[in-house]
Amino acid sequence: MRRAVNNPDDGQPVRGSVDKALDLLAALASGDGPHRLAELARETGIAKPTVHRMLRTMAESGFAVGTEGGAYHVGPRFLGMAAAALAGSRGNQFARPVLEELQRRTGHTVHYAVRHGGEAIYVDKVEPAQSYRMTSRVGGQIPLYCTAVGRAILARLPERERAEVLGTAPLPARTEYTLTDPDAIRAALAEWDERGFLTEDRQNEPDIRCVAAPVIDGLGAVIGAISVSGLVFTLDEESIEVYGPMVRAAADEVSATLGGQGPRLSSVRS
Numbered sequence: 002m003r004r005a006v007n008n009p010d011d012g013q014p015v016r017g018s019v020d021k022a023l024d025l026l027a028a029l030a031s032g033d034g035p036h037r038l039a040e041l042a043r044e045t046g047i048a049k050p051t052v053h054r055m056l057r058t059m060a061e062s063g064f065a066v067g068t069e070g071g072a073y074h075v076g077p078r079f080l081g082m083a084a085a086a087l088a089g090s091r092g093n094q095f096a097r098p099v100l101e102e103l104q105r106r107t108g109h110t111v112h113y114a115v116r117h118g119g120e121a122i123y124v125d126k127v128e129p130a131q132s133y134r135m136t137s138r139v140g141g142q143i144p145l146y147c148t149a150v151g152r153a154i155l156a157r158l159p160e161r162e163r164a165e166v167l168g169t170a171p172l173p174a175r176t177e178y179t180l181t182d183p184d185a186i187r188a189a190l191a192e193w194d195e196r197g198f199l200t201e202d203r204q205n206e207p208d209i210r211c212v213a214a215p216v217i218d219g220l221g222a223v224i225g226a227i228s229v230s231g232l233v234f235t236l237d238e239e240s241i242e243v244y245g246p247m248v249r250a251a252a253d254e255v256s257a258t259l260g261g262q263g264p265r266l267s268s269v270r271s
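This note's numbering applies: residue 2 is where the sequence shown begins, and numbers increase by one.
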């Protein structure tokens, strides 16, 4: 985005503060963050002192978050706005009744998340009428490697992109059960080929088990995943065998609205 105002000295367009802020937000959201100040200045063509000042303002308002190492990534307010926008998209508008029906049939919490780099963002959540509430929230970020929705996304990514997410070094453990070895995580992704859905058992949150399947867009690329989550003593292995195909059917139904080519197993409304 550039303003059509010429610089009298060199004839080049002059960017206003809004243009610069939008360019900086776009740079923060691109690729795998966090991004260092020098990288952002180089990417946007904005002077380092100006980038630093803008990042400080964005951090104060929740649009950016700084790390201990001096790098930055997009903040929760930005992600919340992105989630709200995604929730109004064609795919998400159609997804809502599918998620509600899946929740009704399983009795458990249902999530819809989309990929953002090495993480996923919850864009919708349907909970049962019960006293227990999960800590997940719409707009919240979750790792791909230790969540069911994340693994459903990883299972359909090209190997190059999967390698960028997993790397070669051990990943941070979220619980005592988290798989942190990239090779072990890759092996776990084989569950997609074997069962048609992915599971995760207490690897992201203690006492929570999940089952998920990917959502595919019209170009055949994975854009997100749908999951059913519950406490381990209510979502046991016998339940997983029943709910797994339901989750896969729900994900296929949403994919179909986006022109996805995923196989249709059965209707979630059967």
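C-beta: ideal position from N, C-alpha, C; glycine also.
Provide the residue span of the beta strand (DSSP E) that contains Gly225, from first to last. Residues Val223 to Leu232.
Which two residues bound the contiguous alpha helix (DSSP H) that contains Arg249? Glu238 to Thr258
Using DSSP bridges, identify the partner residues of Arg210. Answer by DSSP bridge pairing, in chain order: Asp202 and Gly231.
In this structure, what does DSSP give as the bridge partners for Val111? Val127 and Val229
Can you tell which of Pro183, Val75, Cys211 and Thr176 has its C-alpha closest to the C-alpha of Ala22? Val75
Span separating the alpha-carbon of Arg37 from that of Pro129: Roughly 42 Å separates the two Cα atoms.
So, are the CB atoms of Pro215 and Ala222 less than 7 Å apart? With respect to the 7 Å criterion, Pro215 and Ala222 are not classified as neighbours on the basis of their beta carbons.
Sort Tyr113, Ile47 and Ser62 by Cα distance to Gly141 and report the nearest one. Proximity to Gly141 across Tyr113, Ile47 and Ser62 peaks at Tyr113, based on C-alpha coordinates.
If His109 sits next to Gly231, beta carbons under 8 Å apart, how far is it from one beta carbon to the other, in whole angstroms? 4 Å
Under the assumption that Phe64 contacts Leu26 (Cβ atoms under 8 Å), give the Cβ distance between them as a whole number of angstroms. Taking 8 Å as the upper bound for CB-CB distance, Phe64 and Leu26 are in contact here, some 7 Å apart.
So, Ser240 versus Val150, is the Cβ gap smaller than 7 Å? no
Exposure label - Gln131; buried when at least 16 CB within 10 Å: So Gln131 ends up on the exposed side.
Tell me the rounded alpha-carbon separation between Pro246 and Ala213. Each residue's alpha carbon lies about 10 Å from the other.
In or out: Asn7 buried (at least 16 other Cβ within 10 Å) or exposed? Low local confidence applies: a pLDDT of 42 at Asn7 is under 50, so the model's placement there is unreliable, with the coordinate-based value given in what follows. Counting Cβ neighbours within 10 Å, Asn7 comes out exposed, since fewer than 16 surround it.
Whole angstroms is fine: what's the gap from Arg106's alpha carbon to Cys211's? 15 Å
Give every residue of the same chain whose Cβ lies closer than 8 Å to the Cβ of Leu145, excluding the five residues on either side of it in the sequence, and list them in chain order. Here the set comprises Arg116, Gly119, Glu120, Ala121, Gly151, Arg152, Ile154, Leu155 and Val166.
Beta-carbon within less than 7 Å of Arg97's beta-carbon, same chain only, minus the 5 sequence neighbours each way: which residues are those? Asp125
Throw me the rounded Cβ distance for the Glu194 and Val233 pair, which I believe falls under 8 Å. Looking at the sequence shown, residue 194 is not Glu but Asp. Contact doesn't hold; Cβ gap of about 25 Å is too wide.
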